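Down below is the structure, laid out as structure tokens.
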Amino acid sequence: MKKGFRINFFGALALADPDGNDITPKGSKPRALLALLAEAGDMKRSRRWLESKLWSDRGPAQASGSLRQTLTEIRNAFGDHADLLGADRSDVWLDSERIETDLIAASDPRRTGREFLEGLDAKDEEFDEWLRNARAHYASADVPTPATQPLRRGLLIRAEKSESGTSSERVTGRIIADQVARNLEDRLSASRFLKADRAGFSGTFDLEIRCDVAQDDDRSVIFLRIEDPRDGCLLYSDHKSVSGGIAEAITGTIVADLVHGAATKVIHKLPERLSPSRPESQAVKDALQGAKSLAQFDPLGFDEAHRYFTKAHEEDPNGVYLAWRAFVRMAQLVEKVDGDHDAWRDEIDELVPSVVSRAPDNGLAVALVALTRIMLEDELTGPARLAEQAMAWNRNNLFARQTLAMAHSAVGDPAKAYEISAACRSMASRDEFGHLWDLYHSLVCISAGRLEEARSAAERASRVAPKFVAPRRQLLALCANAGDIAAAKKYLEELKSLEVDFTLDRYLNDPDYPVLTLRRAGIIAPVKGVPEKK
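First residue of the sequence shown? That's 10 in the working numbering, and the numbers climb one at a time after it.
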């Protein structure tokens, strides 16, 4: 589509329609809002982010009302072109297909000698800080001119082709390297390439992945390494010995563990390797902090995690960060954290279709949505289908595998559920969410009648996360069912201290209390014999 509208940032902010008519909105707030939207790479910002920049001194309700009023003023200024501006409950955007700016003009706008957003004052300290940073960025001599600026597609990853070995060994190595790249692509904004001359940019890749495979009779050795090609720094290396043929190696749990572990370790090193000016770098840094806060399963940590994932999405509008936000809200509901449960559920209902539409080929995002739904809904066909979709994109996706296990468990296939869940648990032994896999594995084991293993898994989860409520719910029933009343009493007291509105009567009799798996397994009744501390 031809871009007929133009926004000038250098000098006074100005928006002209295809006929050259000035349709710039009046007033500092509408102009500032227009600038904030148009400066974003995809011309899209979240409502909360815009409110924080233009009405930082107001409460959420008042800021939301001010934003709505300002959007109306902008649409009025656009007149017949009001459809240039779009908005939904979470985001606001401009039609980037029809608008060009002097930030991407063929000539360097800094040569005009005009200041970036000259004279614009939105009378808000947060906007002032954004404006100072933007002016410094566009005034920097290090900023390439638009004519030479390389095309960026997030992190650039190349899966190198091994030149040694038989053809089957070389293909297997390429497949495993590509699986690592796919796992990274699921977790942040990235593009995978097989050949450097097709990357469409001048420069080097951010990561190069190489996997060599050697087969000797009935065993194969796999050697995987990942480096930063800009300085040759080795970010990861490991090898595995696999019994059986090469085909079995690709689909086995040992390779899945290798792929998952490699992606996890490398992603933790990326913030220190990438320039902080790159949006995907800041987004990954915030997402890692969000995951760390979420993994504590602490009431305060949940809100902190949600803020970090929200910030990550504002910096890099990748659907996977929206999926994490929905997952956090689900965890708050399941853990019965004190707060506005209706608002959290509304947010989940709003985020889930947004993730599915924006990131349908992101295995992690789809799997997070599937797991969020399976923990909150009784009807499991839809979540199970999403998990299968995520597995089709990335079979080494632990969230997708665990969701499938939970679905199989709920619909009456405990043996298959246990097989999948046990494999997930073994692959996630060193994962930051290892105790989450323990929780899910405990639930699957309860459905499969493996109560001792269920108790061991739940105990591991409760030890790692002292404020994690869900495994303690299971342990109360598991210990009482095993006749270990002393341990059951301990977990009963912990639940009373962790859940504000917890009562033994609710645990035993409230159909909405989240112990459905325990009820279905018929092991909740012995809890009646656990004495409460007076």
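Every residue gets a Cβ at the ideal spot worked out from N, C-alpha and C, and that includes glycine. Keep in mind the model is a prediction, meaning the values are calculated, not measured.
Note down, in chain order, each residue of its chain lying with its Cβ closer than 7 Å to the Cβ of residue i, except the 5 sequence neighbours on either side.
{"i": "I184", "result": "I259"}
{"i": "S65", "result": "D133, E134, E135"}
{"i": "C436", "result": "Going by the sequence as given, residue 436 is Met instead of Cys. Hits under 7 Å: T262, A265, D266, H269, L407."}
{"i": "S302", "result": "G310, E313, A314, Y317"}
{"i": "Q298", "result": "Y317"}
{"i": "A304", "result": "E441, F442"}
{"i": "N371", "result": "D195, G328, V329"}
{"i": "A131", "result": "S37, K38, A41, L63"}
Skipping 5 residues on each side, what residues in its chain have a beta carbon closer than 8 Å to that of residue i?
{"i": "G13", "result": "D26, P27, R107"}
{"i": "I494", "result": "C488, G538, V539, P540"}
{"i": "A205", "result": "In this prediction, A205 scores a pLDDT of 49, lower than 50, which makes its location untrustworthy; no coordinate-derived value is stated."}
{"i": "W353", "result": "R338, Q341, L342"}
{"i": "S73", "result": "R56, E60"}
{"i": "L129", "result": "A21, L22, S37, R40, A41, A44, L140"}
{"i": "E386", "result": "P392"}
{"i": "L80", "result": "L42, L94, A96, V101"}
{"i": "S173", "result": "R179, D221"}
Residue i by DSSP, collapsed to three states: which one?
{"i": "K505", "result": "helix"}
{"i": "N85", "result": "helix"}
{"i": "W102", "result": "strand"}
{"i": "A21", "result": "coil"}
{"i": "K345", "result": "coil"}
{"i": "V329", "result": "helix"}
{"i": "V420", "result": "coil"}
{"i": "I494", "result": "helix"}
{"i": "F125", "result": "strand"}
{"i": "F408", "result": "helix"}
{"i": "T319", "result": "helix"}
{"i": "L63", "result": "helix"}
{"i": "I166", "result": "strand"}
{"i": "L413", "result": "helix"}
{"i": "A7", "result": "Here the chain comprises residues numbered 10 to 543, so residue 7 is not present and cannot be evaluated."}
{"i": "L112", "result": "coil"}
{"i": "R239", "result": "coil"}
{"i": "D221", "result": "strand"}
{"i": "D247", "result": "strand"}
{"i": "R394", "result": "helix"}
{"i": "V230", "result": "strand"}
{"i": "R15", "result": "strand"}
{"i": "F442", "result": "coil"}
{"i": "D31", "result": "strand"}
Are there 16 or more other CB atoms within 10 angstroms of the CB of residue i, so buried, or fewer, so exposed?
{"i": "T526", "result": "buried"}
{"i": "T390", "result": "exposed"}
{"i": "R464", "result": "buried"}
{"i": "N566", "result": "Because the chain is modelled from 10 through 543, residue 566 falls outside the range shown and cannot be assessed."}
{"i": "V509", "result": "exposed"}
{"i": "G241", "result": "exposed"}
{"i": "L76", "result": "buried"}
{"i": "H146", "result": "exposed"}
{"i": "H248", "result": "exposed"}
{"i": "R120", "result": "For R120, the predicted model reports a pLDDT of 42, less than 50, meaning its position is unreliable; a value from the coordinates is still stated below. Classification of R120: exposed, given that the 10 Å Cβ count is below 16."}
{"i": "R98", "result": "exposed"}
{"i": "N85", "result": "exposed"}
{"i": "G182", "result": "buried"}
{"i": "N518", "result": "exposed"}
{"i": "S430", "result": "buried"}
Residues in its own chain within less than 6 Å of residue i by CB, not counting five upstream and five downstream?
{"i": "D215", "result": "L164, L165"}
{"i": "A530", "result": "I455"}
{"i": "T381", "result": "A335, F336, M339"}
{"i": "Q411", "result": "C433, Y449"}
{"i": "A496", "result": "C488"}
{"i": "P480", "result": "L448, A467, A470, S471"}
{"i": "P523", "result": "V343"}
{"i": "W333", "result": "F318"}
Taking a contact to mean a Cβ-Cβ separation below 9 Å, would you say residue i touches residue j in this structure?
{"i": "L485", "j": "Y449", "result": "no"}
{"i": "A545", "j": "L140", "result": "For the chain, the structure presents residues 10 to 543; residue 545 sits outside this window and is missing."}
{"i": "A296", "j": "L452", "result": "no"}
{"i": "L373", "j": "A335", "result": "no"}
{"i": "D227", "j": "G254", "result": "yes"}
{"i": "A399", "j": "A379", "result": "yes"}
{"i": "A409", "j": "V375", "result": "yes"}
{"i": "Q71", "j": "N403", "result": "no"}
{"i": "E169", "j": "R201", "result": "no"}
{"i": "N405", "j": "R191", "result": "yes"}
{"i": "S418", "j": "A474", "result": "no"}
{"i": "H90", "j": "F306", "result": "no"}
Check: Between the segment 319 to 328 and the segment 227 to 239, do at least 3 Cβ pairs fall closer than 8 Å?
Finding: no
Next item on the list: Taking 8 Å as the threshold, find out whether the segment 343 to 351 comes into contact with the segment 391 to 410 through three or more Cβ pairs.
Entry: no
Check: Does the segment 52 to 60 come within contact of the segment 90 to 108, defined as at least 3 CB pairs closer than 8 Å?
Finding: yes
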